[in-house]
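Going by the working numbering, the first residue of the sequence shown is number 1, and it counts up by one from there.
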Amino acid sequence: MPVTIFENAAVVDVEAGELLADRQVVVEGSLIREVADRPVSASQAHRVDLKGRTLMPGLIDSHVHVTAFSANFTELQRSSPFYVAAAAARIMGGMLDRGFTTVRDVGGGEFGLARAVEQGLIRGPRLIYGGKALSPTGGHGDVRLAGVDRHDDAYNQPGLGRIADGVPEVRRHAREEIRRGAHHLKIMGNGGISSPTDRISSDQFSEEEISAVVEEAEMANLYVVVHAYTPRAIKRSVRLGVRSVEHGNLADAEAVALIKERDAFLVPTLATYRALKDEGVEAGLPVELAAKIDDVLDAGVRAVELAQRAGVRMAYGTDLLGAMHRRQLSEFALRADVVPAADLVRAATVNGARLLRLDREIGQVKAGYRADLIVLDGNPLQDIGVLAGLEKNLRVVMSRGDVVSDRLA
Ligand SMILES: [Zn+2]
Numbered sequence: 001m002p003v004t005i006f007e008n009a010a011v012v013d014v015e016a017g018e019l020l021a022d023r024q025v026v027v028e029g030s031l032i033r034e035v036a037d038r039p040v041s042a043s044q045a046h047r048v049d050l051k052g053r054t055l056m057p058g059l060i061d062s063h064v065h066v067t068a069f070s071a072n073f074t075e076l077q078r079s080s081p082f083y084v085a086a087a088a089a090r091i092m093g094g095m096l097d098r099g100f101t102t103v104r105d106v107g108g109g110e111f112g113l114a115r116a117v118e119q120g121l122i123r124g125p126r127l128i129y130g131g132k133a134l135s136p137t138g139g140h141g142d143v144r145l146a147g148v149d150r151h152d153d154a155y156n157q158p159g160l161g162r163i164a165d166g167v168p169e170v171r172r173h174a175r176e177e178i179r180r181g182a183h184h185l186k187i188m189g190n191g192g193i194s195s196p197t198d199r200i201s202s203d204q205f206s207e208e209e210i211s212a213v214v215e216e217a218e219m220a221n222l223y224v225v226v227h228a229y230t231p232r233a234i235k236r237s238v239r240l241g242v243r244s245v246e247h248g249n250l251a252d253a254e255a256v257a258l259i260k261e262r263d264a265f266l267v268p269t270l271a272t273y274r275a276l277k278d279e280g281v282e283a284g285l286p287v288e289l290a291a292k293i294d295d296v297l298d299a300g301v302r303a304v305e306l307a308q309r310a311g312v313r314m315a316y317g318t319d320l321l322g323a324m325h326r327r328q329l330s331e332f333a334l335r336a337d338v339v340p341a342a343d344l345v346r347a348a349t350v351n352g353a354r355l356l357r358l359d360r361e362i363g364q365v366k367a368g369y370r371a372d373l374i375v376l377d378g379n380p381l382q383d384i385g386v387l388a389g390l391e392k393n394l395r396v397v398m399s400r401g402d403v404v405s406d407r408l409a
């Protein structure tokens with residue numbers, strides 16, 4: 001098996017929040033074999049002198065939509081699945097080039113794309129997916145305009161969600177996603193921006209329906225992810241066993257306390273609201289939906305601050321659509337006023353890995369872990385701007401032991 005040794009690396013210990021100078025990181029095949037503090041002898045190894053540059057785990061984005069080539073979900077659903085796959089390949093390649101070696105897709109990503117990455121057919125981060133998000137009629141996954149009756153529920157149409165009403169339907173749809181290899185199940189807990197007919201303040205799914213999805217997920221040793229902004233929607237889903245709360249923009253002290261108490265996760269996605277406000281309409285968001293952005297934009301930072309103070313485990317998420325994907329690193333800067341740098345580094349590494357239940361495989365630079373690594377200039381523990389500006393600072397991306405981007409020279 002090929003051996004690569006990164007010499008003279010400053011390794012980020014993400015758990016301790018420390019930079020360990022002068023380390024030698026030995027990669028064999030797709031795994032990290034050793035992290036040594038003295039020279040390592042190995043014949044035939046490929047040696048790369050990092051000259052003191054920072055080496056850290058590849059980043060994890062826990063909230064993406066790799067098929068969302070447009071912010072217009074109605075258009076997305078009408079597109080050819082082949083076109084969408086081609087667009088997803090470009091989006092995923094971009095993520096890898098920004099230093100993200102694992103992403104969790106929470107609506108749209110599926111087994112075919114994950115397999116294509118694994119087999120090397122397309123460039124991209126490891127894809128953790130849940131298939132289509134479950135939505136009730138008129139919910140955040142229902143892209144019909146008010147005047148349209150029929151919903152195309154063919155699985156091969158490339159929308160982000162599917163409509164399920166009532167416990168039997170919700171169970172059947174959950175089982176269909178599990179059958180296709182889902183790593184988690186996503187439900188819509190209240191209204192959203194890009195759906196044409198729902199209101200942010202309305203809850204989605206009854207308690208019986210949510211409990212049924214949670215039961216189906218747990219039977220398969222999976223967990224449930226909820227799209228939720230309001231305290232009411234957050235609290236009812238977490239109380240019913242949902243483990244991953246997405247966005248959470250309007251969360252209050254009681255809601256974050258419950259997330260903490262139940263050991264659930266919060267995945268804020270400030271990046272997408274900032275992006276939608278700045279350029280959403282240009283990127284395809286129907287202009288009549290843009291008014292919904294203000295309901296959640298400014299509150300988002302305050303929710304992150306509350307969660308940070310309460311000690312809630314947060315993961316890094318972005319939720320970007322269409323041309324706005326290029327802002328994937330902006331979430332670091334958007335949280336920087338209320339979250340210390342070391343915690344932001346953890347959000348995009350160990351915390352993401354724990355959320356994905358992959359914390360014995362990814363998220364740290366440790367012997368036995370997957371060789372998903374990035375090399376960069378600067379110390380992100382001292383200055384989170386180093387990650388926010390990673391496009392300039394990134395030197396190497398290694399994914400599953402292969403160097404997929406090299407700008408060391
Ligand atoms: Zn999303």
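We treat Cβ as the ideally placed atom computed from N, Cα and C, and that holds for glycine.
For Glu215, the CB stays at least 7 Å from every heavy atom of ligand 1. One thing to note: Ala388 has its Cβ within 8 Å of the Cβ of Ala333.
Arg47 sits in a strand when the DSSP states are folded into three classes.
Looking at the backbone, the Cα of Asp153 and that of Val245 are separated by about 26 Å. Short note on Glu246: C-beta closer than 7 Å to some heavy atom of ligand 1.
The distance from the Cβ of Ser195 to that of Asp142 is about 6 Å, consistent with a contact at the 8 Å cut-off. Per the C-alpha coordinates, the member of Phe111, Asp22 and His63 positioned closest to Leu50 is Asp22. Shown here, Ala257 sits in a helix according to DSSP, grouped into three states. The beta carbons of Tyr229 and Asn190 sit closer together than 8 Å. By DSSP's assignment, Ser244 forms a beta bridge with Val225 and Phe265. When DSSP states are grouped into helix, strand and coil, His325 belongs to the helix group. Sixteen is the threshold: when 16 or more other Cβ atoms of the shown chains lie within 10 Å of the Cβ of Thr54, as they do, the residue is buried. Closest in C-alpha terms to Glu305, from the list Ala251, Val14 and Arg90, comes Ala251. About 24 Å separates the beta carbon of Ile384 from that of Leu321, a gap too long to meet the 8 Å contact definition. Rounded to whole angstroms, the Cβ separation of His227 and Gly192 is 6 Å, and the two are in contact under 8 Å. Val256 sits close to Ala307, with the two beta carbons spaced by under 8 Å. Sequence-distant partners of His173 (beyond 5 residues in either direction) whose C-beta falls short of 7 Å from its own C-beta, in its chain, are Leu134, Arg162 and Ala164. Shown here for Thr349: same chain residues with a beta carbon closer than 6 Å to its own, the five before and five after excluded, namely Val14, Pro57 and Gly363 in chain order. Sequence-distant Cβ neighbours of Leu240 in its own chain, meaning closer than 7 Å and more than five residues away, are Glu207, Ile210, Ser211 and Val214. Judged by beta-carbon spacing, Val26 lies within the 8 Å limit of Val3, meaning their Cβ atoms are closer than that value. Between Gly108 and Ala68, the C-beta spacing is below 8 Å.
Residue state for Asn156 is assigned as coil, using DSSP reduced to three classes. Ala86 and Val103 have their alpha carbons spaced roughly 18 Å apart. Rounded to the nearest angstrom, the Cβ distance from Leu376 to Leu355 is 23 Å, too far for a contact under 8 Å. Excluding the 5 residues flanking it on each side, Ala220 has same chain C-beta neighbours closer than 6 Å at Ile178, in chain order. Residues Pro81 of the same chain have their beta carbon placed closer than 8 Å to that of Asn156, with the five preceding and five following residues left out of the count. Here the alpha carbons of Ala9 and Arg38 stand approximately 11 Å from one another. Distance from the Cα of Asp372 is smallest, within the candidate group Glu361, Glu118 and Val66, for Glu361. For Gly107, the CB falls within less than 7 Å of some heavy atom of ligand 1. About 5 Å separates the CB atoms of Val48 and Phe6; that is less than 8 Å, so the two are in contact. Rounded to the nearest whole angstrom, the C-alpha separation of Gln119 and Ser43 is 30 Å.
Beta-bridge annotation (DSSP): Gly161 is paired with Ala133. Annotation for Asp406: Val396 place their beta carbon closer than 7 Å to its own, counting only its chain and skipping 5 residues before and after. Annotation: the continuous alpha helix (DSSP H) that includes Ser211 extends over Glu207 to Met219. Within the same chain, and ignoring the five residues on either side of Ala310 in sequence, the residues whose Cβ sits closer than 7 Å to its Cβ are Val256, Ala257 and Lys260. With a cut-off of 7 Å, the C-beta of Asp377 is classified as distant from ligand 1, since no heavy atom of the ligand falls inside that distance.
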